[in-house]
């Protein structure tokens, strides 16, 4: 029997196993996610005969349009399927369920950033459309101008970072993370 639902705390060891099988991440990386961001209602899964076979996390974010009007969004993270359950359509079933589940929880939409270009077509099969672009900028220390007198760099708290970022992006459609997600990224960056 196949069941779609929110996760349960007692299933965390299996969810960590699915994560490791799908992505090969270090245990410390996986543990960091579960310590910082996991709640049973944020992780949805497809279970086969009671055993979680596919999972994904729905992380809270906000989408702001050009006029700054916000929409509540759930960001899909860590979609993983057990190797023995692949090619059964479980990922597609869970993505469809996740959309319904997120909307029931008050989200206006769901989004994700596929880990690789080949996954764009997969997400397209369940109705996802490309609508955002990402940009990676790398600053080389030797190419930066020398700091002037009085210049300084200091860490920003998540709320300060979010306020600065959203101010800089005013008038540009963008996603904003909840402060706890910024704190999580800060921990990952260390």
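Residue numbers (my numbering): 236 to 425.
All C-beta atoms in this analysis are idealised placements derived from N, C-alpha and C, irrespective of residue type, glycine included.
Three-way DSSP call (helix, strand, coil) for residue 401 in this model: Looking up residue 401 in the chain shown gives position 166. The three-state secondary structure of residue 401, taken from DSSP, is helix.
Quick check on the DSSP output: what are the complete alpha helix (DSSP H) runs of length 4 or more inside the segment 262-346, in order along the chain? Counting whole runs of 4 or more residues, the segment 262-346 contains the alpha helix (DSSP H) stretches 262-271 and 325-339.
For residue 384 and residue 431, the rounded distance between their alpha carbons: No statement about residue 431 is possible, as the shown extent of the chain runs from 236 to 425 and does not include it.
Closer than 7 Å by C-beta to residue 283: which residues in its own chain qualify, once you throw out the five before and the five after it? Chain order, please. Position 48 of the chain shown, counted from the first residue, corresponds to residue 283. Excluding positions up to five away in sequence, the list reads 237 and 320.
Between the CA atoms of residue 286 and residue 301 - distance to the nearest angstrom: On the chain shown, residue 301 is found 66 positions in, with the first residue counted as 1. On the chain shown, residue 286 is found 51 positions in, with the first residue counted as 1. Cα to Cα, the separation comes out at about 44 Å.
Closer than 8 Å by C-beta to residue 397: which residues in its own chain qualify, once you throw out the five before and the five after it? Chain order, please. For the purposes of this step, residue 397 is taken as residue 162 along the chain shown, with counting starting at 1. Result list for residue 397: 411, 412, 414 and 417, in chain order.
For residue 355, three-class secondary structure by DSSP: Residue numbering aside, residue 355 sits at position 120 when the chain shown is read from its first letter. The three-state secondary structure of residue 355, taken from DSSP, is helix.
Nearest-angstrom Cα separation, counted from residue 419 out to residue 395: As a first step, residue 395 must be located in the chain shown, where it is residue number 160. As a first step, residue 419 must be located in the chain shown, where it is residue number 184. In a straight line, the C-alpha of residue 395 is about 15 Å away from that of residue 419.
Three-state secondary structure assigned by DSSP to residue 240: Taking the chain shown and counting its residues from 1, the one referred to as residue 240 is at position 5. Strand.
With a threshold of 8 Å on Cβ separation, who are the neighbours of residue 428 within its own chain once the five nearest residues in sequence on each side are excluded? No statement about residue 428 is possible, as the shown extent of the chain runs from 236 to 425 and does not include it.
Pair every Cβ in the segment 375-382 with every Cβ in the segment 263-273, then say whether three or more of these pairs are closer than 8 Å. Contact fails: fewer than three Cβ-Cβ distances are below 8 Å.
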